[in-house]
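In the working numbering, the protein residues as written are 17 to 666.
For each residue, glycine too, the CB sits at the ideal point set by N, CA and C.
All values reported here derive from a predicted model rather than from experimental measurement.
Working notes, structure below.
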RNA sequence: GCCGACGUAGCUCAGUGGUAGAGUGCUUCCUUGGUAAGGAAGAGGUCGUGGGUUCAAUCCCCAUCGUUGGCUCCA
């Protein structure tokens with residue numbers, strides 16, 4: 017029986033009575049005209065609806081304005097429709113794929129046919145969008161049958177939409193219309209285009225239809241919109257600021273690393289300062305791992321081809337890898353190692369193992385080489401030669417969960433040490449519909465997947481689960497951190513592997529005096545030194561913690577007359593294992609300070625006549641200014657204690 | 001690998017169908033200065049590379065290499 021009267025519960029738990037069929041816009045109007053002017057969408061029983069959509073049942077209602085995430089998503093989705101309307105106006109006959117909102121903004125995939133599309137055309141599309149927005153065209157929703165939907169887009173000749181309709185269920189198909197533009201869309205949308213006051217189209221990119229490399233590549237146009245011009249300006253400024261944190265820029269400025277065409281793309285050169293930083297990171301982790309029962313090992317950069325045939329990697333990746341290294345011996349071939357695990361398996365096999373020996377934890381800062389697709393290379397985050405902070409834990413099946421938990425704790429320890437609070441822990445499982453992509457028995461996969469999930473639960477780790485993202489040999493838990501521009505990168509990783517022990521016939525003798533197969537856990541808390549340093553740079557904008565920074569201080573003589581004293585100070589500090597330089601240039605002190613500030617040196621030690629006479633230094637802290645004069649020993653103890661404090665915190 | 005953009009002095013970038021400019025850095029000189037840029041002079045570029053169009057190409061076209069925004073991939 018149909019209700020005549022409905023009860024609406026608002027977020028403050030108050031309730032109001034309306035006639036059935038009242039829309040959330042009507043309700044907003046009844047509350048206040050100001051609210052009605054600003055409401056973009058509504059959450060009806062937790063689902064985001066158009067404000068014009070009539071409500072026929074009792075419901076909880078939250079009116080969404082620009083400050084709500086869901087309103088912004090709706091706003092940007094509606095903006096994608098507006099862009100599509102502009103595109104149809106400017107380029108008659110374009111075909112449209114999908115046009116969703118994304119985290120910041122929206123995109124639409126467009127097929128321009130034979131036409132080449134260029135960046136320079138974005139501006140006139142923006143103009144057209146703003147012009148159309150001024151029409152205050154209402155986004156109106158219409159339920160259509162599958163047949164009607166087919167008819168409309170057949171007539172229009174848009175095969176992409178037809179394919180989408182194919183996958184939809186009759187009775188659940190809706191069209192949205194604004195102005196002259198009609199789109200297949202389940203909504204919701206903002207009330208009308210007039211809310212869209214500022215538009216910026218940011219970039220164009222090729223994107224395969226339905227993410228399939230074998231299908232047509234469409235032109236994807238990315239953009240963002242705002243209800244106020246001021247907000248767009250602020251957003252663009254934020255983007256500019258983020259670009260200043262880019263590790264590629266800071267890495268060059270601070271002389272941490274470089275690339276050379278002559279060396280080869282994706283092969284980073286670690287310069288002295290970058291190396292100093294990296295080696296500190298390595299010793300930090302090495303020390304921690306020793307505490308946690310790991311043994312450090314070293315293996316060569318190449319391995320016999322047979323090693324990778326045994327491991328299965330040759331079959332899987334051989335054709336897409338750096339190719340084999342030939343020797344003067346006919347038929348002999350080595351491969352650059354793309355991972356460390358096969359070497360570590362061979363280490364395991366150097367002697368018979370007892371169940372009492374397990375777990376065996378072999379750790380190595382192992383440099384590996386992978387022929388990544390050229391289009392994938394990106395600064396230090398995606399390279400072709402990199403060093404993993406790798407380790408393989410060989411354990412009994414009953415130890416897997418415990419070891420897994422310990423690894424999770426190690427990763428969290430590392431992330432905490434560097435202040436990475438905003439990360440995602442992702443459990444990657446098999447694609448249940450495509451099991452042939454993976455090796456290993458169903459049973460082992462199920463055990464491994466369960467153990468990962470249990471370990472995550474028991475450590476209290478908040479995780480997201482992705483199907484189909486597992487490695488081909490086992491499920492994994494990845495820790496992802498965002499870079500300055502919001503791109504996600506996988507740093508820490510933990511992976512269970514039942515496959516390699518099988519392929520390498522690894523065994524241990526159990527308490528029952530029978531042979532058993534160990535389980536392997538691959539893990540890397542940093543992921544790789546390269547990617548970790550990249551993300552760390554962006555995280556701290558090049559202002560590294562004192563214990564890590566390549567140069568902790570710069571000694572700045574007032575004039576050349578005090579260079580000798582500056583050297584004396586340097587000797588004293590270096591004797592205490594503190595790191596820094598003397599700026600002996602023929603420049604004024606103001607200049608030397610500025611340069612040291614710009615190059616992010618934490619401490620500046622000004623030395624002149626007074627300091628030389630009293631064997632002191634005038635200390636200045638980056639970003640804080642003058643801290644006053646102190647004796648060299650006092651500065652040493654201040655710097656050392658700050659370093660120690662950082663290290664006990666981490 | 002695919003689509004788009006870019007490649008000019010060590011760095012950041014301007015510019016033009018008639019063989020190139022700024023700022024900064026670098027070198028030298030003057031200055032020896034007390035907490036975010038002292039002054040002057042000078043050196044530096046086959047305009048990524050290879051073809052083509054043209055009387056003439058750094059500029060237009062093609063190819064190639066590299067970088068870059070995405071897509072796909074990622075042991």
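Asked	Found
Span separating the alpha-carbon of residue 197 from that of residue 101	5 Å
Proximity below 7 Å, CB of residue 236 to CB of residue 107	no
Start and end residues, beta strand (DSSP E) containing residue 135	Element bounds for residue 135: n/a, residue is neither H nor E.
Own chain, CB closer than 8 Å to residue 21, minus 5 neighbours either side, in chain order	33, 34, 35 and 36
Cβ-Cβ distance between residue 572 and residue 620 below 7 Å	yes
Every unbroken alpha helix (DSSP H) within the stretch 416-472, with a cutoff of 4 residues, ordered by chain	416-433
Residue 446 versus residue 515: straight-line alpha-carbon distance, rounded	14 Å
Where residue 357 falls: helix, strand or coil (DSSP)	helix
Buried versus exposed, by CB contacts within 10 Å (16 or more), residue 72	exposed
Nearest candidate by alpha-carbon position, reference residue 166, set 200, 470 and 323	200
Same chain, Cβ closer than 6 Å to residue 642, neighbours up to 5 away in sequence not counted	636
Alpha-carbon spacing of residue 545 relative to residue 434, whole angstroms	14 Å
Whole-angstrom C-beta distance between residue 379 and residue 668, which should lie under 8 Å	Outside the shown range of the chain, which is 17 to 666, sits residue 668, and nothing can be said about it.
Contact under 7 Å by Cβ, residue 364 with residue 522	yes
7 Å Cβ cutoff met for residue 30 and residue 77	no
Integer Cβ distance of residue 208 from residue 154, believed to fall under 8 Å	5 Å
Proximity to residue 634 [Cα-Cα], best of 268, 352 and 645	645
Candidates 218, 534 and 487, of which the one nearest residue 373 by Cα	534
Whole runs of the alpha helix (DSSP H) within the stretch 43-74, excluding any shorter than 4 residues	49-54
Residue 329, DSSP secondary structure in three states	helix
CB-CB length for residue 261 against residue 554, believed under 8 Å	5 Å
Residue 591 beta carbon less than 7 Å from that of residue 623	no
Of the listed residues 468, 357 and 202, nearest to residue 191 (C-alpha basis)	202
For residue 664, the first and last residue of its enclosing alpha helix (DSSP H)	648-665
Contiguous beta strand (DSSP E) assignments of at least 3 residues, all confined to the stretch 363-423	376-385 and 401-411
Assumed close pair residue 468, residue 491 - CB separation to whole angstroms, cut-off 8 Å	5 Å
Whole-Å CB distance - residue 127 paired with residue 113, under 8 Å assumed	7 Å
Cβ-based neighbour list, residue 96, same chain, cut-off 6 Å, excluding 5 preceding and 5 following	115, 122 and 124
Start-to-end residues for the alpha helix (DSSP H) that takes in residue 99	85-106
Rounded C-alpha distance that separates residue 245 from residue 329	53 Å
Whether residue 56 touches residue 89 by CB criterion (7 Å)	no
Identity of the residues DSSP links to residue 487 by a beta bridge	490
Closest residue to residue 313 among 195, 381 and 137 (Cα-Cα distance)	381
Whole-angstrom C-beta distance between residue 612 and residue 397, which should lie under 8 Å	Contact flag wrong, Cβ pair sits at about 29 Å.
Through-space distance from residue 205 to residue 64, alpha-carbon basis	9 Å
Span separating the alpha-carbon of residue 463 from that of residue 391	37 Å
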